[in-house]
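Sequential numbering of the sequence shown, starting at 1, is according to the UniProt record's numbering. All residues carry an ideal CB built from backbone N, CA and C; glycine is no exception.
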Amino acid sequence: MAIEGSASETRERRIRLGMVGGGSGAFIGAVHRMAARLDDHYELVAGALSSSPEKAEQSARELGLDPARSYGSFKEMAIREAKLKNGIEAVAIVTPNHVHYEAAKEFLKRGIHVICDKPLTSTLGDARKLKKLADESDALFVLTHNYTGYPMVRQAREMIANGDLGTIRLVQMEYPQDWLTEDIESSGQKQAAWRTDPSKSGAGGSTGDIGTHAYNLGCFVSGLELEELSADLDSFVPGRKLDDNAHVLMRFKEKDGARAKGMLWCSQVAPGHENGLKVRVYGTKGGLEWVQADPNYLWYTPFGEPKRLITRNGAGAGAAAGRVSRIPSGHPEGYLEGFANIYSEAARAIYAKRNGAPVDAAVVYPTVDDGLKGMLFVDACVQSSKKNGAWIKV
1 MAIEGSASET RERRIRLGMV GGGSGAFIGA VHRMAARLDD HYELVAGALS SSPEKAEQSA
61 RELGLDPARS YGSFKEMAIR EAKLKNGIEA VAIVTPNHVH YEAAKEFLKR GIHVICDKPL
121 TSTLGDARKL KKLADESDAL FVLTHNYTGY PMVRQAREMI ANGDLGTIRL VQMEYPQDWL
181 TEDIESSGQK QAAWRTDPSK SGAGGSTGDI GTHAYNLGCF VSGLELEELS ADLDSFVPGR
241 KLDDNAHVLM RFKEKDGARA KGMLWCSQVA PGHENGLKVR VYGTKGGLEW VQADPNYLWY
301 TPFGEPKRLI TRNGAGAGAA AGRVSRIPSG HPEGYLEGFA NIYSEAARAI YAKRNGAPVD
361 AAVVYPTVDD GLKGMLFVDA CVQSSKKNGA WIKV
């Protein structure tokens, strides 16, 4: 994962990074910081770490930030950092969904690269506006659909693109969890409270939180684009305002003379499942299966032949997987390493931008376009379910 910044192979200076959200007690903020540090391409130098100025200040102290670069709001941070000689070059936005648009807007319009947690925004309207802003900005926009960073996900994508599975017919995606099986949001549990609140999460519950991950992964691996869907959303826990389970049928756009079909199940009320993300793809020549619980393994079955196991950095693994692997086969890489790969891919793009050079074609990261597709998916799921599973064009 060493990234060389120039023809002379001189190490690039670290990217000055700021963070919005992610203060004390925030799970995903800590994950982003670890991911950013893992390959040593970023230095966290500023933050608006909480909507509470007191908590923001406390969190900054805990992280060792210069008090002068701890801000009470993301707007204040964007304005001041843009004026500093050594101001931030990029910002990580790790807030609840409803803050993403306004925060990203302030940094994009000042030419500061944005690395944003998913989903893109809380509403489709904001997603469309954010795409317009990102397209018009000179800054990069990176969406942390982190599961696309796993080496064996890249392996599956490469194999499908190379035609190893033939014409794709079926894509099966699932992401079950069990942590919302009971009404824990009523107890004040922070992560549950905002995720089940439409004003903060948006129109989708499980569909927006984890369904977008499964959907993004299925499309990323298969190379297919969704055309229409039929969805059945449920809120099984009494009084819950957003869906906690969804079954979705999909029809993809025609590719290679065929229209593939898909099924997606996401649930946060499935006891026994922690983070059961899985994708399976079947074509005319064979099938692939990847499970996040065993991320270093990819099962490949050529039609009519025995099932084969491809391992990260093992025999049969290709260049796409190899370039985002750090250690020899047999040593497990997991969630944090996959997440870090998104940050390192973003670093490659930022280094190129810094030097006025083109981005290497091998660099792959989710963009604002992937975020908009995710929001269109959630919107279509909600529409379809309200119409008793009617097919909705996406």
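Here the C-alpha atom of residue 258 lies approximately 7 Å from the C-alpha atom of residue 169. Taking all protein chains shown into account, residue 303 has fewer than 16 neighbouring C-beta atoms within 10 Å of its C-beta and is therefore exposed. In its chain, beyond the 5 residues on either side, 253 have a beta carbon closer than 6 Å to the beta carbon of residue 225.
Going by C-alpha positions, residue 126 is about 35 Å away from residue 12.
With a cutoff of 7 Å on beta-carbon distance, residue 130 and residue 104 are scored as near each other. About 5 Å separates the beta carbons of residue 49 and residue 56, which is inside the 8 Å limit, making them a contact pair. Judged by their CB atoms, residue 72 and residue 53 are nearer to each other than the 7 Å cut-off. Taken through DSSP and simplified to helix, strand or coil, residue 145 comes out as coil. A contact between stretches requires three or more CB pairs, one per stretch, nearer than 8 Å, and the region 186-199 fails this requirement with the region 144-164. With respect to the 7 Å criterion, residue 363 and residue 337 are not classified as neighbours on the basis of their beta carbons. Here residue 205 is buried, its C-beta having at least 16 other C-beta atoms within 10 Å.
In terms of Cβ geometry, residue 342 and residue 15 do not form a close pair [threshold 7 Å]. DSSP places residue 369 in the helix class (H, G or I) of the three-state scheme. Residue 115 and residue 90 have their alpha carbons spaced roughly 7 Å apart.
Scanning its chain for C-beta atoms nearer than 6 Å, with the 5 sequence neighbours on each side dropped, one finds around residue 185 the residues 192, 193 and 196, in chain order.
Only exposed fits residue 187, as fewer than 16 other CB atoms lie within 10 angstroms of its CB.
By the criterion of at least three beta-carbon pairs nearer than 8 Å, the region 328-337 is in contact with the region 30-39. Taking C-alpha positions only, residue 269 is separated from residue 236 by approximately 8 Å. Within the same chain, and ignoring the five residues on either side of residue 151 in sequence, the residues whose Cβ sits closer than 6 Å to its Cβ are 312, 321, 324 and 325. Between residue 61 and residue 46, the alpha-carbon positions lie close to 11 Å from each other. For residue 92, the secondary structure class from DSSP, reduced to helix, strand or coil, is strand.
About 6 Å separates the beta carbon of residue 213 from that of residue 175, a gap short enough to meet the 8 Å contact definition. DSSP, read as helix, strand or coil, puts residue 298 in strand. Looking from the CA of residue 121, the closest CA among 109, 102 and 18 belongs to 102. Taking the CA atoms as reference points, residue 360 sits about 50 Å from residue 238. Excluding its 5 nearest sequence neighbours in each direction, residue 134 has C-beta neighbours in its own chain below 7 Å: 108, 141 and 368, listed in chain order. In this model, residue 99 and residue 118 are separated by some 11 Å (Cα to Cα). Burial is judged here by how many other beta carbons sit within 10 angstroms of a residue's own beta carbon; residue 373 has at least 16 and is buried.
Taking the CA atoms as reference points, residue 83 sits about 29 Å from residue 366. Residue 281 and residue 171 have their C-alpha atoms spaced approximately 5 Å apart.
Look at the region 72-118 and you find these whole runs of alpha helix (DSSP H), each 4 residues long or longer: 74-83 and 100-108. Per the DSSP secondary-structure output, residue 279 pairs in a beta bridge with 173 and 290. Counting along the chain, the unbroken alpha helix (DSSP H) around residue 216 starts and ends at 212-222.
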